[in-house]
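One structure below.
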Amino acid sequence: MFLDGQLLPPAGDDVPVYDPWTGDEIGRVPRDGPAEVDTAVSAVAGRRRPMPIDERVSVLTGAATALQACAGEFSRLITAESGVCVRETTREVNRAVANLRVAAAEAERLRGESIPIPGAARLAVTLPEPVGVVAGITPFNRPLNQVVVKAAPAIAAGCALVLKPSERTPLTALAFAELLTGAGYPKEMLAVLTGDPAVVGGALARHPAVDMVTFTGSVSTGRAVAAAAAGRKLLLELGGNDPLLVLPDADLDLAARLAADGAFATAGQSCRGVKRIIVWAEVADRFVERLVAASRVKRFGDPQRPEIEVGPLIDEAAAELVQRRVDSAISAGALLCHGGDRKGALVAPTVLDRVPPGAELVREETFGPVAPVLRVGGLDEAVEVANGTAYGLQAGVVTNDSAAFWQLAARLRVGAVNLLEGPQFDSPHIPFGGVKASGLGREGIRYAIREMSTTKTVTVPYGWPV
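With the UniProt record's numbering, letter number 68 in the sequence shown gets 68, and the count goes up by one each step, no holes.
This is the structure in structure tokens:
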């Protein structure tokens with residue numbers, strides 16, 4: 001594990017890490033178990049100390065500067081262990097730098113308030129305090145930024161941190177932990193555990209010295225984490241089945257670009273990517289033509305090549321699941337308009353039209369480069385289809401019809417609705433999170449800092465001291 005500012009040698013078994021494109025082993029990390037979890041959490045909880053605001057800001061700005069300086073190294077590492085193409089991982093590093101800088105600015109804005117208490121001749125003062133030890137459990141997609149959106153607000157709030165990255169992509173998290181301590185984050189306040197998520201994640205979530213668990217991943221795993229963490233603060237981001245709605249008056253070129261970019265970025269392995277394209281039937285034929293054209297120019301293959309836009313999925317089993325869902329949708333009546341090919345873990349950008357709303361491809365969250373078009377007859381049907389899954393993360397709407405847009409904004413059961421943008425839109429300055437099975441609480445730097453803080457109230461008599 002990573003503890004006391006250094007990588008400790010494995011005590012026993014270890015876990016190989018593979019390049020999804022080449023299949024080569026690129027590293028090995030410890031297969032930690034309950035004993036290692038207890039060692040790490042107990043050490044961090046027993047030695048954490050208050051961090052003055054200036055120190056938090058210094059760590060965050062120093063980490064941002066250091067990360068920017070070695071952006072190419074981190075980009076190549078992310079690509080090697082995740083298979084995400086290097087042009088995207090370059091953007092991921094830039095996003096992580098931005099998140100660190102925003103967290104530093106938000107740390108300087110931490111404020112309480114004063115409250116005159118009616119009828120009591122007393123004044124209440126509220127003080128934001130760190131929640132304590134935060135356990136951050138992250139998935140394989142975006143191995144750097146998923147860690148940073150847990151770590152940056154935790155540091156800004158003054159918390160200690162124990163990280164459990166995905167066993168598929170742990171190397172980036174370990175490298176970032178070294179960068180954090182090098183930037184001045186107290187080594188006694190940080191640990192990184194690796195290994196089987198069911199073993200390590202469960203032991204971490206239920207550890208009595210953990211005060212809060214922040215998790216990103218699947219619904220089933222998130223619910224298991226929530227059960228293990230009963231009685232602790234929770235921040236859960238559990239994925240999405242995000243729709244892009246294309247209305248009759250839409251700019252169809254814009255809609256097709258948003259759909260293709262949102263469906264194929266990160267090879268479709270993104271919780272806020274476009275998973276369903278809900279199109280009014282009267283413009284569907286013209287839209288699909290444009291979507292196919294936008295998909296044909298997406299280059300896919302070796303993720304280390306700078307011109308490639310779509311790399312492999314995390315492994316061949318993930319690609320086989322996507323292929324099975326595509327084939328099942330076609331058997332149910334969907335039309336294959338483009339793509340549909342698979343070679344190992346690489347799935348070609350794929351466009352399907354006339355996908356039935358009940359097809360598994362669009363009923364469940366499908367992590368793959370697939371753009372499924374669902375045709376609807378009007379606004380009421382569009383709302384019914386959009387709300388017709390267990391998820392409710394984000395949505396995009398392409399229209400210039402103000403009345404229709406505000407109806408959709410009010411009726412869609414999601415955490416965010418983006419006009420003339422896809423559900424993939426994000427910013428560190430705004431809240432991020434969903435409803436229904438998509439999670440609990442809100443990320444986004446300022447909002448995550450609130451989640452990772454507690455409020456202490458102090459009351460004093462007016463005029464004190466006398």
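Virtual Cβ for every residue (Gly too), placed ideally from N, Cα, C.
Original post:
Run through DSSP, which three-state label would Lys-436 get?
Top reply: Translated into the one-based positions of the sequence shown, residue 436 becomes position 436. Reduced to three states, the DSSP call for Lys-436 is helix.
Subject >> Cα-Cα separation, Asp-401 to Trp-280 >> reply: Position 401 of the sequence shown, counted from the start, is the residue given in the question as residue 401. Position 280 of the sequence shown, counted from the start, is the residue given in the question as residue 280. Those two C-alpha atoms are separated by around 14 Å.
Subject >> Euclidean distance between Cα positions of Arg-31 and Lys-275 >> reply: Working through the sequence shown from its first residue, we reach residue 31 at position 31. Working through the sequence shown from its first residue, we reach residue 275 at position 275. When rounded, the distance between both Cα atoms is 34 Å.
Original post:
Going by other Cβ atoms of all chains shown within 10 Å of its Cβ, with 16 needed for buried, is Gln-269 buried or exposed?
Top reply: Counting from 1 along the sequence shown, the entry for residue 269 is found at position 269. Label assigned to Gln-269: buried.
**OP:** Please report how far the alpha carbon of Val-86 lies from the alpha carbon of Arg-76, in whole angstroms.
**Re:** On the sequence shown, position 86 is the one that residue 86 refers to. On the sequence shown, position 76 is the one that residue 76 refers to. Answer to the nearest angstrom: the Cα atoms are 7 Å apart.
Original post:
Can you tell which of Met-189, Arg-257 and Gly-46 has its C-alpha closest to the C-alpha of Phe-2?
Top reply: Along the sequence shown, read from residue 1 onward, the residue named residue 2 stands at position 2. Closest by alpha carbon: Met-189.
Subject >> For Glu-106 and Pro-165, the rounded distance between their alpha carbons >> reply: Here residue 165 corresponds to residue number 165 of the sequence shown, with the count starting at 1. Here residue 106 corresponds to residue number 106 of the sequence shown, with the count starting at 1. For Pro-165 and Glu-106, the distance between alpha carbons rounds to 25 Å.
Original post:
Are the stretch 180-194 and the stretch 154-172 touching by the rule of at least three beta carbon pairs closer than 8 Å?
Top reply: yes
Subject >> Every unbroken beta strand (DSSP E) within the stretch 193-233, with a cutoff of 3 residues, ordered by chain >> reply: 212-216
Subject >> Pick from Ala-124, Phe-140 and Thr-399 that is closest to Asp-251, judged by C-alpha positions >> reply: Indexing the sequence shown from 1 puts residue 251 at position 251. Closest by alpha carbon: Thr-399.
**OP:** Counting only runs of 3+ residues fully inside the stretch 229-260, write out the beta strand (DSSP E) ranges in chain order.
**Re:** 233-237 and 243-246
**OP:** Give the DSSP bridge partners of Phe-2, in chain order.
**Re:** Reading the sequence shown from its first residue, position 2 is the one you call residue 2. DSSP lists Leu-7 and Val-192 as partners of Phe-2.
Subject >> Rounded separation between Val-246 and Leu-361 - CA only >> reply: Residue mapping note: residue 246 aligns to position 246 of the sequence shown, counting from 1. Residue mapping note: residue 361 aligns to position 361 of the sequence shown, counting from 1. Taking the straight line joining both Cα atoms gives about 19 Å.
**OP:** Return yes when the Cβ of Gly-112 is within less than 7 Å of the Cβ of Leu-127, no when it is not.
**Re:** The residue you call residue 127 lines up with position 127 of the sequence shown. The residue you call residue 112 lines up with position 112 of the sequence shown. A contact, by the Cβ cut-off of 7 Å.
Original post:
Which residues mark the beginning and the end of the beta strand (DSSP E) in which Asp-285 is found?
Top reply: Position 285 of the sequence shown holds residue 285. No beta strand (DSSP E) holds Asp-285; the alpha helix (DSSP H) holding it covers 281-296.
Original post:
How many Å lie between Cys-271 and Gly-358 at the Cα?
Top reply: Within the sequence shown, the letter at position 271 stands for residue 271. Within the sequence shown, the letter at position 358 stands for residue 358. Approximately 20 Å, taken between the alpha carbons.
**OP:** Please determine, among Asn-241, Leu-67, Asn-418 and Val-414, the residue with the shortest C-alpha to C-alpha distance to residue 553.
**Re:** Examination of residue 553 is not possible in this model, given that the chain is present from 1 through 466 alone.
Original post:
According to the Cβ coordinates, are Val-370 and Leu-291 closer than 7 Å?
Top reply: By 1-based counting over the sequence shown, the position of residue 370 is 370. By 1-based counting over the sequence shown, the position of residue 291 is 291. Cβ atoms of Val-370 and Leu-291: not closer than 7 Å.
Original post:
Helix, strand or coil: which one does DSSP assign to Ile-117?
Top reply: As a working mapping, residue 117 is identified with position 117 in the sequence shown. Strand.
Original post:
Where does Gly-27 sit, in a helix, a strand or coil, going by DSSP?
Top reply: As a first step, residue 27 must be located in the sequence shown, where it is residue number 27. Residue state, collapsed to three classes: strand.
Original post:
Around the C-beta of Gln-6, are 16 or more other C-beta atoms found within 10 angstroms, so that it is buried, or is it exposed?
Top reply: In the sequence shown, residue 6 corresponds to position 6, counting from 1. Under this definition Gln-6 is an exposed residue.
Original post:
Out of curiosity, what's the CA-to-CA distance linking Pro-349 and Leu-171?
Top reply: In the sequence shown, the residue the question calls residue 349 occupies position 349. In the sequence shown, the residue the question calls residue 171 occupies position 171. Cα to Cα, Pro-349 sits roughly 28 Å from Leu-171.
**OP:** Could you spell out where the alpha helix (DSSP H) holding Ser-331 opens and where it closes?
**Re:** What you label residue 331 is simply residue 331 of the sequence shown in a count that begins at 1. Run containing Ser-331: 316-331, per the alpha helix (DSSP H) assignment.
Subject >> Alpha carbon of Leu-236 to alpha carbon of Phe-215, nearest angstrom >> reply: Position 236 of the sequence shown, counted from the first residue, corresponds to residue 236. Position 215 of the sequence shown, counted from the first residue, corresponds to residue 215. Looking at the two C-alpha atoms, the distance is approximately 5 Å.
**OP:** Could you tell me the boundaries of the alpha helix (DSSP H) in which Glu-92 lies?
**Re:** What you label residue 92 is simply residue 92 of the sequence shown in a count that begins at 1. 86-107 is the extent of the alpha helix (DSSP H) around Glu-92.
Subject >> Strand pairing of Phe-140, partner residues [DSSP] >> reply: Reading the sequence shown from its first residue, position 140 is the one you call residue 140. In the DSSP output, where bridge partners are listed per residue, Phe-140 has none listed.
Subject >> Ala-448, DSSP secondary structure in three states >> reply: The count along the sequence shown starts at 1 and reaches residue 448 at position 448. Reduced to three states, the DSSP call for Ala-448 is helix.
Subject >> Identified DSSP bridge partners for Thr-350 >> reply: For the purposes of this step, residue 350 is taken as residue 350 along the sequence shown, with counting starting at 1. Its beta-bridge partners are Val-370.
Original post:
Touching or not, the stretch 302-311 and the stretch 335-344, by the rule of three or more beta carbon pairs under 8 Å?
Top reply: no
**OP:** For the beta strand (DSSP E) holding Ser-453, just list the boundary residues, first then last.
**Re:** One-based indexing of the sequence shown puts residue 453 at position 453. Start and end: 453-461.
Original post:
Which stretch, first to last residue, makes up the beta strand (DSSP E) that contains Gln-407?
Top reply: Here residue 407 refers to the residue found at position 407 when the sequence shown is read from its first residue. No beta strand (DSSP E) contains Gln-407, which is instead part of the alpha helix (DSSP H) from 402-411.
Original post:
How long is the line joining the alpha carbons of Ala-205 and Val-383, rounded to whole angstroms?
Top reply: Residue mapping note: residue 205 aligns to position 205 of the sequence shown, counting from 1. Residue mapping note: residue 383 aligns to position 383 of the sequence shown, counting from 1. The alpha-carbon atoms of Ala-205 and Val-383 are separated by roughly 37 Å.
Original post:
Taking Cβ to Cβ, would you say Ala-294 is nearer than 7 Å to Arg-257?
Top reply: For the purposes of this step, residue 294 is taken as residue 294 along the sequence shown, with counting starting at 1. For the purposes of this step, residue 257 is taken as residue 257 along the sequence shown, with counting starting at 1. Yes. Within cutoff.
Original post:
Can you name, in chain order, every residue of its own chain whose Cβ lies under 8 Å from the Cβ of Glu-108, other than the five neighbours on each side?
Top reply: As a position in the sequence shown, residue 108 is number 108, starting the count at 1. Answer for Glu-108: Ile-53 and Val-57, listed in chain order.
Original post:
Considering only residues of the same chain and omitting the five flanking positions on each side of Asp-4, which have a CB-CB separation below 6 Å?
Top reply: For the purposes of this step, residue 4 is taken as the residue at position 4 of the sequence shown. Taken in chain order, the residues that qualify are Lys-187.
Original post:
If you draw a straight line from the C-alpha of Arg-48 to the C-alpha of Pro-118, how long is it?
Top reply: If you number the sequence shown from 1, residue 48 lands on position 48. If you number the sequence shown from 1, residue 118 lands on position 118. About 38 Å.
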